[in-house]
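The listed protein sequences correspond, in order, to chains W and X.
With the first letter of the first sequence counted as 1, position 20 gets the number 20 in the numbering used here; the numbers rise by one all the way through.
Whatever position you read off the second sequence (first residue = 1), add 235 for the numbering used here.
What follows is a short report on a single structure.
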Amino acid sequence: MGNRSTDNVAVLAAHDISKEVSSPEGTLTILADVSFNITTGESVAVVGPSGAGKSTLLALLAGLDLPTRGYVELNRTNLSELDEDGRARVRAASVGFVFQSFHLVPSLNALENIMLPLELAGSEGARRAALDIVDKVGLSDRWRHYPAQLSGGEKQRVAIARAFATEPAVLFADEPTGNLDSRTGNNIMNLMFELNRSSSTTLVLVTHDISLAERCDRVLSLDTGRLVSDSKVST
Amino acid sequence: MKAISFALRSFGRELRSGEVLVLLAAVALAVGALTAVGFLTDRIGKAVARQANEVLAADLRLRSQEPIPEIWNAKAAAYKLRTAETNTFPSVVFSGDLSALATIKAVSETYPLRGNVRVADTLFGEQRVVSGIPPRGEIWADGALLARVDADVGDRLTVGELNLLVTAVLTYRPDQSIGFASLAPSLLMNIGDIPDSGLINVGSRVGYALLVAGDDKDVDAFNEAIQDDLPESLRATNREESSDRANNAADRAQRFLSLTAVISLLLSAVAIAMSARRFAHRRMDTVALMKSLGATQRFVIAVAVLQLLLLGLGGVVVGSVIGYAAEEVLSWLLSDLIASDLPGVGPMPVVLACGSALVLLVGFALPSLIQLRNTPPLRVLRHDAMPPAPSRVLVAGLSLAAVAALLYRAVGDAKMLVILLGGIVIIAAALYVVGRGLVATMGRFRSGVGVAWRYGLANVARRGRDSAVQVVAFGLGLTVLLLLTIVRTDLLEGWRQTLDENAPNHFMINIQPHEIDSVAEIYRVAGIDVPEFVPLVRARMSTINGESVKEREYPTPDGQWMANREANLSFASTLSSSNEIVAGQWWPANYEGPPLVSVEEEAATDTGLVIGDRMTFVIAGQELEVTVASIRKVNWDSFQPNFFMVFSPGALDGMPTTYISSLRIEREQQPVLVQLVRAHPSISVIDLDSILQQVRGIIEKASLAVQAVFVFTLAAGIAVLFAAVQSTIDERRFESAMLRALGARKRTVFAGVMAEFAALGVAAGVLAAAGASILAAIVAVQLFELPYEFNPLLWAVGVAAGVTIVCASGFVAARGAINAPPVEVLRAA
C-alpha cells in the first residue's frame, strides 16, 4: 500500500511554515518560519520543551491543520492546495499515526480497529492483512478484545498495527510512550523501530524523551516555535 | 457501502453501552404517543365513516315531524327507488312493575334499505345478521333495555297499549346513533302495530321518515327533482349531509387527541435534541480519528446518519408496539363510546409515526450531526479542538420547521398552525423563564443547609439552563396529570354543589293539553307538588328580517344549525324565575299586542339576532311573524323547562301545543311514575339523575383515556430528565470520584446527588401545582362559571409526586456515576 518513492528525494517538506492563532491578547505565533526536508526511510525525532510547537508541527506535516503561511509537501503534493477531504485522501494513502492516548475506536475490537484505515483506503483483503500484522505485533490471541479489555501496552500495539497496516509512506508518532510505563514503553518503541526498518517507512516521532530521540536518524529541536537545531544522530 | 458496514459493526456495541438508549427511548415515546393516538383516531374515523354509510339505513331520507304524505312514496317509485317507512319516538316500556325509557323504532317490511340489522338469541349471545323485521306482535329489544326491565327473550313487554313478545335481542341497527346510544336503548317493532298501540297522538314527538335507496344516479335524480317542491316540514338528507355533524365531532376529538400527542412529541423532541448532542459529542473523538486516518466528511456523516437512522428505526419499532398496546387499553376504556366491532386498524398510523419520527430526528438531531461532520481532525492531537457550533438560525429553523410540520398534520389548518406555533413559542419562553426563576430561588437556600444539600443545590444552580429545561419538561407532564385527576374531581364536585338540592330530577314531555288535569291529579293524590306545565309548540324558522334562514350568514356554525333546525317555541306572560332579561324589556303580563319574542342570550349571539329583528316561523303550515323584544339569560342548571324562544301571550294560540314539565321525585315516590306512564303512555318521563350519572361516567372514562395519553407526556418529561443527566454523566463521574478521593463517603455523595434531584422535583412540583391551579381557575370560571376554590392538596400532591418521580428517575440515571470507582475515573481523566 502507498506510493512510496524509493529515490532519495524529500517525502515530506516544510516550506517556511508558520502557524498563528488569534487570542484575546492578540495574535499568537505558535510556529515561525520552519523549513526542512525529510527523505524516504528517514527516522526523525521532533523534540523541545512543552509549548515549543511540536504537536502543531506534527499536525501541519500530517495535514490535520493548515499553516498560516508557507506550505507542506507530502509525497510531492502541496497540502495547502487541497480541501479537507483531499487531505484526508492523502492521509488514507500515505500516512499512519500512533498517538499518546492510543485513540482506538471503543466500539470496534482490536482487529476491526486495525482494519479501519485499510477499509477507509478501500483496500481489498483488509481482514487478511490485518490478521497478518496482528501476529507481527504479538496480539494473536487478543485481537477479538475491545479496547476497554486491553492494557495500555496492548492498546498501543493495536495502534501501531493499525498505523503500519496500510504500509504508509510516513508514520507520525506523537509521544507514543507518554502513557506507558518505561518497560512497556521500551518494548513498544522496539516494535516500532523494527517495523519502521522492515517496511522502510519514514518515521516522524514527537517526544520529550531524549534517549528515544537519539534512536532516530535525525533530531529536530524546537523552541518557542522556532527550529533551533537540525542534527544527524551518530550511531 | 463501507459506511454501512462500519455503522452496523459499531452499532451493536453502542447499544450495549446503553448510552444511546435515551435517544432510542425518546424516539420510541414520540412514536408511541403518536401511534396510540393515531390508532385511536383511525378507529374513531372508521366508526364515523361506517356510521356515515349506514346512518340513514338508506341513500336518502325524507324526514318530518308529521306523517309523510303517500305522494312521496309514489314519487320515489317513479324513479325506480325502493322505499321503507320508519317512526321513531321515545316511550316508556314496562315489564311487570319495572319500566324504562326506550327509543321506539317502528319500521316497515323493507327496512333497512342499507346496512343490516343484527340480533342475538340471548342476552350477550352471539350476534347474527337478520333480514326482515319483527312480525306483528313481536319486538326485538336492545340488551340494555331488557336488562333495565329485567326481561329476557321470550318475555312480553308492554309498549303503549300492546303486550309484545320479545323474540330477539337487538344488537345493532344501522341508523342507531354513534355514541350515547345507551341513554335510551332501542326497541324495533313492526310499523303495523302502531295504530293499535295508542302511542302516537296529535302533537306527539315522533320522527317520521321515508327511506329511499336505489342506483346512485336514480337517487341523485330523485333528490334533485324533489328539491323545489319539498315543503318546509319535510327535510331530505343524503349520506354526506348526515355525516357532517358526526364528522365534525370526530374531527374535534381527533384534533384534541393529536394535540395532546403533540405535547409529548415536543418533550420527546427536547430529549432527542439533548441526547443527540451527547450522541454527537461522544463521537467527536472517533470522527477526528477517522478523519486523521483518511476518512472523508461524507463517510463520517454517512456513518453518523446511518446509526441515527438505526436508532430511529429501533425507536419506531419499540414505539409502535407501545402505541399499539396503549391503543388497546384506550379503546377498552372507551368501548362504551365507540362501537367495538370495528375493522382492525390499518398500518397507516405506524407509517405516519415513522414519518414523524424521521421529521423529529431531522429537526432536532441533524444540527448536532452537521456539527459532528465539521470536527477538525486536529482533535486527535489537541482535545480542545472543537467543530464550530451549528448556526443558531439553522438549529432554530430546523426545529421550528419540524414542529410546524408535525403540528400541521395535527391541526391541518395554516392559520391555526401559526397561532399554535406562536403560542408554543411564547408559552415555552414563559415556562423557561419561570423555570430559571425557580432554579435561581433554589440556589438561594444553599447557605443554610448541610454539605449534601449545598452540593446538590449548587449543581442545580450551576447547570441553570439544563435544570430549567428539566423542571419545565417534567412540570408540564405533571401539570396535566394534576389537572386531570385532582382538578377534575374538584370541578365536578363544585358543579354538583351549585345545583339546588331540590332541583327537579325528572322531565315529562309530550303532555297533551287534555292530559294536564289528569296528570296533576295523579301527583296531587300521591302528595307531590303539582308542577307547572309549560307549553311547547314545534316550528321552523323561515326568515330573519325577510331573508331566508338557509341563505343567511351567521356569526357561528351553531347559529346556522340553530336557525335551520326544528325549533321548540313556548309562550309565557311572566318571566320564569330561572331567566333574567339582559337587553330590551319583558312584556306586561296582560300584553295583547302584536307577537313578540324573547331570545336566549347565546342563541341571539350565535344567530346574530338583535332587538327589533323580525323573524318568520312556519308552524303547522301557517306563517307567523314576530319581533325580538328582549334578550334573556337562562340558568340551565336550574333544570326548569327553558326555551331559546319564548313568545308573548296569545301569539301561539291555536297552534298544535303539547306541554312539558319538570319536578322533583324522590326514590321512594317513583312508583307514581309507573302509574303515570300507564295512564298516559304517550307521555315520556326522563330521569335526569340516571342521565347525569351516565354523563358523569362518560366524563370519567373519557378523561381516563386522555390521562392515558398524557402518561406519554410524563414519560417524555422523564426522558428529558434522563437525557439531561446523561449529558452531564462524565462530569458527574469525575465530581463524584473527586469528592470521594477527597474523603467524602459514598453516602454523602449519593445524598448530594439526591438533594439535587429533590430540588428539581420540588421546583417541577411547584410549577405543576401552580400551572394546574391557574388552568383550573380559568376552566372553572370561564367554562363552568363556577367559583374556583384553592386546593392545598394540589400543591402537596404536586410537590410529593415531583420529588418522588424525579428522585427515582434521577437515581436510575445517575447511579452509575456515583458508583464508579474513583481510581478508574481519575485515571481515565
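No residue lacks a Cβ here, since even glycine has one placed at the ideal position from N, Cα and C.
- The C-beta of Val46(W) comes no closer than 8 Å to any C-beta of chain X.
- One finds Ala88, Ala92, Leu120 in chain W with Cβ atoms closer than 8 Å to the Cβ of Ala530(X), taken in chain order.
- Three or more beta-carbon pairs separated by less than 8 Å link the region 757-772 of chain X to the region 884-899 of chain X, which places the two stretches in contact.
- The alpha-carbon of Glu320(X) is positioned some 14 Å away from that of Ile339(X).
- Within its own chain, the residues whose Cβ lies closer than 6 Å to the Cβ of Gly53(W), once the five positions on either side in sequence are excluded, are Ile30, Leu31, Leu222, Gly225, listed in chain order.
- Assigned with DSSP and collapsed to three states, Leu64(W) falls in coil, not helix or strand.
- Taking the Cα positions, Ile659(X) is about 15 Å away from Gly1006(X).
- Counting along the chain, no alpha helix (DSSP H) covers Asn322(X); the unbroken beta strand (DSSP E) around it starts and ends at 317-330.
- Met850(X) carries a strand assignment under DSSP once its states are collapsed to helix, strand and coil.
- Here Ser808(X) has Ala824, Pro884 as same chain residues with Cβ atoms under 6 Å from its own Cβ, once five neighbours each way along the sequence are excluded.
- Chain X places no beta carbon closer than 8 Å to that of Glu73(W), leaving this residue out of the contacts.
- What Pro612(X) touches in chain W, judged by beta-carbon distance under 7 Å, is Leu64, going in chain order.
- Within chain W, no C-beta atom comes less than 8 Å from the C-beta of Arg968(X); the nearest is roughly 15 Å away.
- With contacts defined by Cβ atoms closer than 8 Å, Ser503(X) and Thr270(X) do not form a contacting pair.
- Taking a C-beta distance under 8 Å as the contact criterion, Gly153(W) and Ile188(W) qualify as a contact pair.
- Taking 8 Å as the CB threshold, Val105(W) lines the interface with chain X.
- At a cut-off of 8 Å between C-beta atoms, Asp85(W) counts as an interface residue with respect to chain X.
- Here Ile854(X) has Val772, Ala774, Met890 as same chain residues with Cβ atoms under 7 Å from its own Cβ, once five neighbours each way along the sequence are excluded.
- If you ignore the 5 residues before and after Ile744(X), its C-beta comes within less than 6 Å of the C-beta of Ile895, Ser919, all in its own chain and listed in chain order.
- Between Leu264(X) and Phe947(X), the beta carbon gap of about 6 Å places them in contact (Cβ cut-off 8 Å).
- Across the structure, Val538(X) and Ala640(X) are spaced so that their CA atoms are roughly 26 Å apart.
- Three or more Cβ pairs closer than 8 Å define a contact, and the region 172-180 of chain W falls short of that threshold against the region 6-22 of chain W.
- Residue state for Pro770(X) is assigned as strand, using DSSP reduced to three classes.
- If you check each beta-carbon in the region 167-178 of chain W against every beta-carbon of chain X, the ones closer than 7 Å belong to Asp174.
- In chain order, Leu528, Gly529 make up the part of chain X whose C-beta sits under 8 Å from the C-beta of Pro117(W).
- Judged by DSSP secondary structure, Gln705(X) falls within the alpha helix (DSSP H) whose first and last residues are 699-717.
- With at least 16 other beta carbons inside 10 angstroms of its own, Trp143(W) counts as buried.
- In the three-state scheme derived from DSSP, where H, G and I count as helix and E and B as strand, Asp141(W) is classed as coil.
- Boundaries of the alpha helix (DSSP H) around Ile964(X): 964-976.
- Residue-level contact by beta carbon holds for Ser245(X) and chain W, with a gap shorter than 8 Å.
- Contacts between Met583(X) and chain W, judged by CB atoms closer than 9 Å, are missing: the closest CB pair is about 36 Å apart.
- For Thr270(X), no chain W residue has a C-beta closer than 8 Å to its own C-beta; the minimum C-beta separation is roughly 31 Å.
- Within 7 Å of the CB of Ser151(W), no CB atom of chain X is found; the nearest one sits about 13 Å away.
- By the neighbour-count criterion, in which 16 or more other beta carbons inside 10 Å mark a residue as buried, Lys315(X) falls on the exposed side.
- With respect to chain X, the C-beta atom of Phe99(W) has a partner C-beta closer than 8 Å.
- For Phe534(X), the uninterrupted alpha helix (DSSP H) run begins and ends at 532-568, by DSSP.
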